[in-house]
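2 protein chains.
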Amino acid sequence: MPELRDLRSVVVLAEELHFGRAAARLGISASALSRRVRAVEAELGVVLFERTSRTVELTEAGRELATRLPAALRQLDRALAAARWHSDGGWQV
Amino acid sequence: MPELRDLRSVVVLAEELHFGRAAARLGISASALSRRVRAVEAELGVVLFERTSRTVELTEAGRELATRLPAALRQLDRALAAARWHSDGGWQV
DNA sequence: GAAGGTTACGCACAACGTAAACATG
DNA sequence: CATGTTTACGTTGTGCGTAACCTTC
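First to last, the protein sequences are chains Z and G.
Offset between the first sequence (1-based) and this note's numbering: plus 11.
Offset between the second sequence (1-based) and this note's numbering: plus 11.
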């Protein structure tokens, strides 16, 4: 029930461990990112990041998710790319 | 850029090949489904379904996508499940 | 003329940015 | 007290259902 946008946000935040930088990379405000991540955590029923107002760290669950998501998202992108390719002629057999 | 909701809709429609039934399974109206699918096609720049007002069929690109998506979506769900599991105690080592 | 897909239209909810608030090093 | 995350608030845009429309058998 989290959407792709939300999952990609989690991945970027896991890389940056900083809401400001991650939000900039995503082209949204830090507060928007904060809300997105909290929403994901609420939907999953899992805390992914341990925040203090000075630091952001991954929890065990967050690390697990951040580890597995990129491959899953790439596979998804490959499926979409395959569909595009099939329309743009394919081998033109 | 299509979201998960949209991709799942494509999968269901590919299974049903009928907007009414697919929409019912998704818990939305047929018109909403029609719009979702058209939006996906526009974003991908690919026609996925060949519609007449009597039949719905998969195009080559649509078949390709419908074939690859389920596995990709499952992998994504596994990533989410893994995160959940990690929080709910794991092995409680 | 019935069944099924699409377009028009009005509305409601979700998501955003700005700004203020709060916490921590 | 500077840096960085979160909450409040008002606004906008996205997505929906209902209903009307068009096409095909």
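All residues carry an ideal CB built from backbone N, CA and C; glycine is no exception.
- Rounded to the nearest whole angstrom, the CA to CA distance from Ala50 of chain Z to Thr70 of chain Z is 16 Å.
- Looking at the DSSP output, Val67 of chain G bridges to G:Arg62.
- The count of Cβ pairs closer than 8 Å, one atom from the stretch 44-62 of chain Z and one from the stretch 12-21 of chain Z, reaches three, so the stretches are in contact.
- Of the candidates G:Pro13, G:Arg46 and G:Ala25, the residue whose Cα lies closest to the Cα of Thr66 of chain G is G:Ala25.
- Among the residues facing chain Z, Val23 of chain G is not included, as its CB has no counterpart in that chain under 8 Å away.
- Put simply, the backbone Cα of Gly38 of chain G is about 13 Å away from that of Arg47 of chain G.
- If you draw a straight line from the Cα of Ala92 of chain Z to the Cα of Thr63 of chain Z, it comes to about 40 Å.
- Residue range Leu15 to Glu27 is occupied by the alpha helix (DSSP H) that includes Glu26 of chain Z.
- Closer than 7 Å at the C-beta level to chain G, one finds these residues of the stretch 88-99 of chain Z: Ala90, Leu91, Ala93, Ala94, Arg95, His97 and Ser98.
- The straight-line gap separating the alpha-carbon atoms of Ala72 of chain G and Glu68 of chain Z is approximately 42 Å.
- Shown here is that no member of the stretch 33-45 of chain Z has a Cβ falling below 7 Å from a Cβ of chain G.
- The residue from Z:His97, Z:Ala35, Z:Arg32 and Z:Leu55 with its alpha-carbon nearest to that of Ala94 of chain G is Z:Leu55.
- In the structure shown, the three-state DSSP call for Ser40 of chain G is coil.
- When 8 Å is used as the limit between beta carbons, Ala53 of chain G is near no residue of chain Z, the shortest such separation being about 13 Å.
- Interface criterion met: the Cβ of Val57 of chain Z is under 8 Å from a Cβ in chain G.
- A direct Cα-to-Cα measurement between Ala83 of chain Z and Arg16 of chain Z gives close to 14 Å.
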